[in-house]
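Asker: The structure follows.
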Amino acid sequence: MPNKLSRRDFLKLAGLASLGAIIPPSAGLAANLLQSDKKNVLIVVFDALSARNISLHGYARDTTPNLARLAGRATVYHNHYAAGNYTTPATASLLTGTLPWTHRALRFGNRVKPELAEQNIFRAFDDYHRFGYSHNMLADIFLKQFAENIEGYIPQERYLLVNDGVVQNTFEKDADIATVAWAREIKRQEGFSYSLFLPYIYEKRKESLIKDAGREYPYGLPAVNLDNYYVFEDCIRSLTEQAIEVPTPFFGYLHFFPPHFPYKPRREFAGAFEGDFFQAVSKPDDIFTEGDSPEKLGKWRRYYDEFILNVDYEFGRLFDALESSGVLDDTWLVFTADHGEMFERGIQGHTTATLYQPIVRVPLLIFEPGNQTRRDVYTPTSAIDLMPTLLHLTGHEIPAWSEGTVLAPFGESSPGGVFTVQARNDPALPLVTASVALVMDNYKLVYYTGYEELGADTERALLFDISADPEELNELSLTKRETASEMMNIVRQRLDQANEPYL
Numbered sequence: 001m002p003n004k005l006s007r008r009d010f011l012k013l014a015g016l017a018s019l020g021a022i023i024p025p026s027a028g029l030a031a032n033l034l035q036s037d038k039k040n041v042l043i044v045v046f047d048a049l050s051a052r053n054i055s056l057h058g059y060a061r062d063t064t065p066n067l068a069r070l071a072g073r074a075t076v077y078h079n080h081y082a083a084g085n086y087t088t089p090a091t092a093s094l095l096t097g098t099l100p101w102t103h104r105a106l107r108f109g110n111r112v113k114p115e116l117a118e119q120n121i122f123r124a125f126d127d128y129h130r131f132g133y134s135h136n137m138l139a140d141i142f143l144k145q146f147a148e149n150i151e152g153y154i155p156q157e158r159y160l161l162v163n164d165g166v167v168q169n170t171f172e173k174d175a176d177i178a179t180v181a182w183a184r185e186i187k188r189q190e191g192f193s194y195s196l197f198l199p200y201i202y203e204k205r206k207e208s209l210i211k212d213a214g215r216e217y218p219y220g221l222p223a224v225n226l227d228n229y230y231v232f233e234d235c236i237r238s239l240t241e242q243a244i245e246v247p248t249p250f251f252g253y254l255h256f257f258p259p260h261f262p263y264k265p266r267r268e269f270a271g272a273f274e275g276d277f278f279q280a281v282s283k284p285d286d287i288f289t290e291g292d293s294p295e296k297l298g299k300w301r302r303y304y305d306e307f308i309l310n311v312d313y314e315f316g317r318l319f320d321a322l323e324s325s326g327v328l329d330d331t332w333l334v335f336t337a338d339h340g341e342m343f344e345r346g347i348q349g350h351t352t353a354t355l356y357q358p359i360v361r362v363p364l365l366i367f368e369p370g371n372q373t374r375r376d377v378y379t380p381t382s383a384i385d386l387m388p389t390l391l392h393l394t395g396h397e398i399p400a401w402s403e404g405t406v407l408a409p410f411g412e413s414s415p416g417g418v419f420t421v422q423a424r425n426d427p428a429l430p431l432v433t434a435s436v437a438l439v440m441d442n443y444k445l446v447y448y449t450g451y452e453e454l455g456a457d458t459e460r461a462l463l464f465d466i467s468a469d470p471e472e473l474n475e476l477s478l479t480k481r482e483t484a485s486e487m488m489n490i491v492r493q494r495l496d497q498a499n500e501p502y503l
């Protein structure tokens, strides 16, 4: 009787298949042409990772001991901002160096507008070997959109234990119909199926895989969407091993789902903060409250913090593996997030109109090849600054369409302020319902317009001194009228400019 294929054996085979995607058959010849003294670039993104929950940035729970260890060799950005408050707009901004009102990937599942699709970071590194992977379906949409500029595109489902991706990719032209058929036939959606035999096979296979991997996850296996389960450590290990083997110079983009909900850390980290004395700052419910109680928010926050501890451990392993292989000697390594997560004001998560600090302030650490000293940058910076910075550091021309600037200390950051944009409008229409945050020096203004929650008001602005009041408890628009008015005018002007082509 043949030996049973274990989960680990399965993932090893998946890794070999992925390696074939990252290193195409022509790589043997191409490698000779690519190799030079140019430095590699590897961007590692962790989804929904808030800087406000990172101990490196002063959080009370020790969530990032490995990051603290490695920060001594990095440039650490203490006031770095996502360009959007969830994956679609935020990741599109990371990959294009433009704000959401420019790239127009606004709604759940949107792509960058077609006429701008060639204006992406992979195209900008067209003399490098390029590869990319994401657990997150929304980020994977962009990798697929830019696939002509990515020799080593790895499909999302490659590192999912049980998923719909095989069906969607097999029937790419009829993905929606195929997925519904799969759900009815195999997954018994809504309690029925047109087949009695196939669902049984599916359930048994799923149960076997989950039982095998789930022993290490007391809260259950982490998953994307409903039952697209993944094993974080296997994925990050496999992709790290592959990054060590790719032709150089390379540009890589790895977008991992943790610590995004559902918060499911490994057993070493599950319960790490249970029973501690952490007390979140009490804050009043926001007008966009979802009604979540402080007790519920506290529970989810603990699970989230434990998942961050898991992320920190895995990034430490990734870093150490790259270093021991010698790859870091010639690689700019970036640690960042697409957006954050919040557990306050009656709101859990990030699918909200609000732009409070836990959602929009994200980590950014840049590791320079050979650097052994720490540098700290406290001026406000934006996700759209990452692309021009990396192009500058590797000797590439910065394209005219980039809206970002080269980050300090590698260049002189623009004093024009940092924007975050949230809107779910039709991308072909003006942004009439939107949230826009502007950070200038110590002040942050959040402008809301068009929401039902505003009542009779057509707009609302909140002003905070985020240096003196990092918890955003003291709203200053009435006491700092001049500052609020100046920043409001800037926001309205930029919003009008962004809307003009769509009127």
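The sequence shown begins at 1 in our numbering and counts up by one.
Here a beta-carbon is modelled for each residue, glycine too, at the ideal position from N, C-alpha and C.
Model, not experiment: these values are computed from the prediction.
(1) Excluding five sequence neighbours on each side, which residues of the same chain lie with their C-beta closer than 6 Å to the C-beta of Gly512?
(2) For the segment 48 to 102, which segments carrying the alpha helix (DSSP H) assignment without a break, of at least 4 residues, lie completely within its bounds, in sequence order?
(3) Distance, Cα to Cα, Ala468 vs Lys444?
(4) Specify, as a first and last residue, the run of the beta strand (DSSP E) that Gln348 falls within.
(5) In three-state DSSP terms, what is Glu511?
(6) Under 8 Å, do Ile535 and Gly97 count as touching if we go by C-beta distance?
(7) Do you know offhand how far Thr253's Cα is from His135's?
(8) Arg130 bridges to which residues according to DSSP?
(9) Looking at C-beta atoms only, is the number of pairs between the segment 321 to 333 and the segment 372 to 382 that lie closer than 8 Å three or more?
(10) Indicate whether Leu106 and Ala408 have their beta-carbon atoms separated by less than 8 Å.
(11) Excluding the 5 residues preceding and the 5 following Ile141 in the sequence, name in chain order all residues of the same chain whose CB lies nearer than 7 Å to its CB.
(12) Provide the residue span of the alpha helix (DSSP H) that contains Ala321, from first to last.
(13) Would you mind working out which of Gln119, His350, Glu486, Tyr159 sits nearest Ala147, comparing C-alpha positions?
(14) So what's Ala280 in DSSP terms, helix, strand or just coil?
(15) Tell me the rounded alpha-carbon separation between Pro222 and Tyr86.
(16) Within 10 angstroms of the Cβ of Gly58, are there 16 or more other Cβ atoms? Answer buried if so, exposed if not.
(17) For Asp276, count neighbouring C-beta atoms within 10 Å of its own C-beta (all shown protein chains included) and say buried if the count is 16 or more, exposed if not.
(18) With a 10 Å radius around its C-beta and 16 neighbouring C-beta atoms as the bar for buried, classify Asn225 as buried or exposed.
(19) Taking only the alpha-carbon atoms, compute the straight-line gap between Ala51 and Val362 and give it to the nearest angstrom.
(20) Just list the residues that DSSP pairs Ser467 with in beta bridges.
(21) Below 8 Å, how does it come out for the segment 471 to 490 and the segment 439 to 454: are there three or more Cβ pairs, yes or no?
(22) Identify every run of the beta strand (DSSP E) within the segment 393 to 427, keeping only runs that are complete inside it and at least 3 residues long; order them along the chain.
(23) Looking only at DSSP bridge pairs, what is Phe367 linked to?
(24) To which residues does DSSP link Glu459 through a beta bridge?
(25) Answer with buried or exposed for Tyr505, where buried requires no fewer than 16 other C-beta atoms within 10 angstroms of its C-beta.
(26) Based on the DSSP output, what are the partners of Phe46 in its beta bridges?
(27) Go ahead and pull the three-state DSSP assignment for Gln497.
(28) Can you have a look at Arg301 and say buried or exposed, based on whether 16 or more other CB atoms are within 10 angstroms of its CB?
(29) So, for Leu365: in the same chain, excluding its five sequence neighbours on each side, which residues have a beta-carbon less than 6 Å away from its beta-carbon?
(30) Are there three or more Cβ pairs, one per stretch, closer than 8 Å when the segment 452 to 460 is compared with the segment 385 to 404?
(31) In terms of residues, what are the limits of the alpha helix (DSSP H) holding Asn238?
Answerer: Looking at the atomic coordinates:
(1) As shown, the chain starts at 1 and ends at 503. That puts residue 512 outside it, with no answer to give.
(2) 65 to 70, 87 to 96
(3) 12 Å
(4) 347 to 349
(5) A question about residue 511 goes unanswered here, because the residues of the chain that appear run from 1 up to 503.
(6) Since the first residue shown for the chain is 1 and the last is 503, residue 535 is missing from the structure and cannot be characterised.
(7) Note on identity: in this sequence residue 253 is Tyr, with Thr being the wrong assignment. Distance between the alpha carbons of Tyr253 and His135 is about 12 Å.
(8) Phe251
(9) no
(10) no
(11) Gly109, Arg111
(12) 294 to 325
(13) Gln119
(14) coil
(15) 19 Å
(16) exposed
(17) exposed
(18) exposed
(19) 5 Å
(20) Its beta-bridge partners do not exist; DSSP assigns none.
(21) yes
(22) 418 to 423
(23) Ala74, Leu333
(24) Thr449
(25) The chain is shown only over 1 to 503; residue 505 falls outside these bounds and no answer can be derived.
(26) Phe256, Ala337
(27) helix
(28) buried
(29) Ala74, Val76, Phe335
(30) no
(31) One point to set straight first is that residue 238 is Ser, not Asn, in the sequence displayed. Start and end: 232 to 245.
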